[in-house]
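Trainee:
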Amino acid sequence: MVWFRRAGRESRVPEGLWVKCEGCREILYRKELEASLYVCPKCGHHHRVSARVRLSQLLDGGNWKELFAGVSSADPLGFVDSKPYAERVKALRERGARHDAVLVAQGKLDGIRLIVAAMEYSFMGGSMGAAVGEKITRAIERCLKSSYPLVIVSCSGGARMQEGILSLMQMAKISAALARLHQAKIPYISVLTDPTTGGVTASYAMLGDLNIAEPGALVGFAGPRVIEQTIRQKLPEGFQRAEFLLEHGMVDLVVPRQELKETIARCLNHLT
Ligand SMILES: [Zn+2]
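Heads up: take any position in the sequence shown, counting from 1, add 1468, and you land on the working numbering.
1. Hey, which residues come within less than 6 Å of ligand 1, measuring from Cβ to any heavy atom, in chain order?
2. Do residue 1727 and residue 1514 come within 7 Å of each other at the CB atom, strictly closer than that value?
3. Once you ignore the five residues that flank residue 1696 on each side, which residues in its own chain have a CB closer than 8 Å to its CB?
4. With a CB to CB cut of under 6 Å and the five nearest residues on each side skipped, what residues in its chain are close to residue 1658?
5. Output the boundary residues of the alpha helix (DSSP H) element that contains residue 1734.
6. Tell me the rounded alpha-carbon separation between residue 1655 and residue 1739.
7. Within the same chain, show all residues whose beta-carbon is closer than 6 Å to that of residue 1471, passing over the 5 residues directly before and after it, in chain order.
8. Can you tell me whether residue 1477 is buried or exposed, with buried defined as 16 or more other CB within 10 angstroms of its CB?
9. How about residue 1519 and residue 1582: are their beta carbons less than 7 Å apart?
10. Give the secondary structure of residue 1601 by DSSP, where H, G and I count as helix, E and B as strand, and everything else as coil.
11. Residue 1725: buried (16+ other C-beta within 10 angstroms of its C-beta) or exposed?
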């Protein structure tokens, strides 16, 4: 999101009051955008939101209890790319990132007690490392124990490369836990937001009893550029976007953000 400082001597507009829509480039009043759940009132572009904002949009009265807050990333491989992984995580923590790339919460959605895991894109692209895998697995186990439905809101670039095979293992671990949830007939709704890619798409994001995408969301395994370069073909218009995936049977519903909460509630009421 691009923030503006309004120029001019007599300007009394504080910094960050205006925001430019990433869809139509219109300048929007931030309060108005916030009131429309960060969906542009002009063009309908769904802006990416933080895990905390997402939970406040979905859970009743903005009330929830964070779970498994103490689980955080280790650096088992001592991984170094352009800078050490441990330093990257430390820098994010110093900037106030507290919950790795997923925030798990227990609360009520339209009166239904449930657990929601919302992914945090601003934490290393919402990538799934061992901490994310562990928190989601524990969320599933808590659902099994208490018979609460589960909602996971994905927003992720995929597996966390800095944790190598340990991040890839999370796909199997979470999928196995979801299979147990399925056997126990406890509903799981997956919400796919922009972007949901890589190992997250290849595991839990596509394993919901219902897979609901937000309009325009990029959902795929490898990105379109990588596929084009590999197969040396031009991809069709809108390839890997939510609407294309709905047409081709890859997701069950495309639901605008303003209708997301009531849709989840209606689906859960049918499923339970
Ligand atoms: Zn717009």
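Cβ atoms here follow ideal geometry from the backbone N, Cα and C, with glycine treated the same way.
On a predicted model such as this, the values are computed, not experimentally measured, just so you know.
Mentor: With the structure as the only source:
1. Ordered by chain, the residues meeting the criterion of a beta-carbon within less than 6 Å of a non-hydrogen atom of ligand 1 are 1489, 1491, 1492, 1494, 1508, 1510, 1511, 1513.
2. No, Cβ-Cβ distance for residue 1514 and residue 1727 is not below 7 Å.
3. Within the same chain, residue 1696 has close Cβ partners 1702, 1703.
4. Taken in chain order, the residues that qualify are 1620, 1673, 1676, 1679.
5. Where residue 1734 is concerned, the enclosing alpha helix (DSSP H) starts and stops at 1725-1739.
6. Going from the Cα of residue 1655 to the Cα of residue 1739 covers about 6 Å.
7. Confidence in residue 1471 is poor, its pLDDT being 38 and thus under 50, which makes the residue's placement too unreliable to answer from.
8. Only weak support exists for where residue 1477 lies, its pLDDT of 37 falling under 50; the coordinates are left without a value.
9. No, these two residues do not count as a Cβ contact at 7 Å.
10. Note: residue 1601 maps to helix in three-state DSSP.
11. By the neighbour-count rule (16 or more Cβ atoms within 10 Å), residue 1725 is buried.
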